[in-house]
Structure formats: structure tokens, C-alpha cells
Amino acid sequence: MDSKHDLNNDRAPVLVFVVENNAGSGTPLAFGLSNKENQWTIKLSIIAIKKNIPCDRDDCEHKWNYVNLPNGMGFERVRECNSFNWNPFVMTDKHRPSKIAVTNILRGTILCWFHIMQTIGENFNQWNIPWSLRYPLALAFKIIGQSRTENESKEFGLLYQNFVNSLKLPNNIKQKLIADLN
Ligand SMILES: [Zn+2]
2 MDSKHDLNND RAPVLVFVVE NNAGSGTPLA FGLSNKENQW TIKLSIIAIK KNIPCDRDDC
62 EHKWNYVNLP NGMGFERVRE CNSFNWNPFV MTDKHRPSKI AVTNILRGTI LCWFHIMQTI
122 GENFNQWNIP WSLRYPLALA FKIIGQSRTE NESKEFGLLY QNFVNSLKLP NNIKQKLIAD
182 LN
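Be aware that the sequence shown starts at 2, since it is given in the working numbering, and climbs by one per residue.
Following this line, the structure appears as C-alpha cells:
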């Protein structure tokens, strides 16, 4: 989930939702258009999508219809399925209102890889990690982060710790590198 402000002359934010399809590729799920962007407008978009994701019952027709809003300001699409079990994690950037908007509506947020790796780079600078070590450290970090299971990430995590401990770095820096992964 991310939004863009430069897609129209009014600079109205367009909130974009992309999901992974069965083939493992990204595919657009929904677009939210609002006059401003804050935790409330983001929340409204998510609720509207959540209400309209078909349930996972094979015997359901997922019927839907349009209903006028009580305040006369428009309409909403309502589906008749009576189970609502779509509850994914949402990958976001560091935008705080997005994180707040997701709270209590979806399972939680995950920081996107670009921002995680950006933060790692900033930490490497701050801790004066030699350039020759940055690439192997970042690569190891990324491999662990992309583990398919929690157990796999824990196994790789131990190897990462051993690797960090084998480096010629001050102990406090080693601890920081390990804490970053945890
Ligand atoms: Zn249904």
C-alpha cells in the first residue's frame, strides 16, 4: 500500500493497493481517491476494500449491491457474504498515518524492503562499518529477511551472528549489527 500525489492536477492523493497473485506477481487490487491523506482517509479506503473482498466459501455467490449513504453524500458497494476473513499484513513505507490506519483493521504492517535496506545503509554509515564488509552484511541480512519460514530465518540468524562475531570490529558494533537483525 502506498500513495501518490502527483497523478492529477489537483494533487489529490491516490492510494494504491497491490497484492501478490497466484503466479507470484504483483497485481493491482484497488485504488483509493481522496481529497487529502491522513489516517482517517486511509482507514476509509481499507474498510471499503475489506467489505468487498469476496469470502472464501465455494458455495457463496458473493452477491453485492449499491447502497446510498445515510448522509446523502453518495453510495457504497456492499456485498452480502456473511464471513469476513481477509486479514493480510500490509507492506508500507515509513508513513506513520498508514501504520495507524491499518491498526485494528488488518493484521499489521511490514516495512518495505527498500526502507529497511535504506535504514541499514544509514546505520552502516553511523557505525563506520568498513566498505568491504557492507555488501556481505547487507546480503546476509537480506537473505535472512526473505526466509520463507520463521524457523529458516532463525537458523540463518545464528549463522549471521557467528559471521558478525568473526569480523574484526569493536564488540559494541557487533552487538548493534546483531540487534538490528533481531
Ligand atoms: Zn461470499
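Note that the Cβ used here is the ideal one computed from N, Cα and C, for glycine as well. Remember, predicted model here, so these are calculated numbers, not experimental data.
Item, Value
"Is R58 near ligand 1 - that is, is its Cβ less than 7 angstroms away from at least one heavy atom of it?", "yes"
"Excluding five sequence neighbours on each side, which residues of the same chain lie with their C-beta closer than 6 angstroms to the C-beta of C56?", "C82, S84"
"Give me the Cα-Cα distance between D60 and N86, rounded to the nearest whole angstrom.", "16 angstroms"
"Between K171 and ligand 1, is the CB less than 7 angstroms from at least one heavy atom?", "Checking the sequence shown, residue 171 turns out to be Pro, not Lys. Every heavy atom of ligand 1 is 7 angstroms or more from the Cβ of P171, so no."
"Any heavy atom of ligand 1 inside 7 angstroms of the beta-carbon of C82?", "yes"
"Quick one, which of S46, Q119, A31 has its alpha-carbon nearest K37's?", "S46"
"What would DSSP say about L138, mapped onto helix, strand or coil?", "helix"
"What I want to know is whether the C-beta of H6 ends up closer than 7 angstroms to one or more non-hydrogen atoms of ligand 1.", "no"
"With burial defined as no fewer than 16 other Cβ atoms inside 10 Å of the residue's Cβ, what is the status of L160: buried or exposed?", "exposed"
"Name the DSSP beta bridge partners of D3, please?", "V17"
"What are the boundary residues of the alpha helix (DSSP H) that includes I117?", "114-127"
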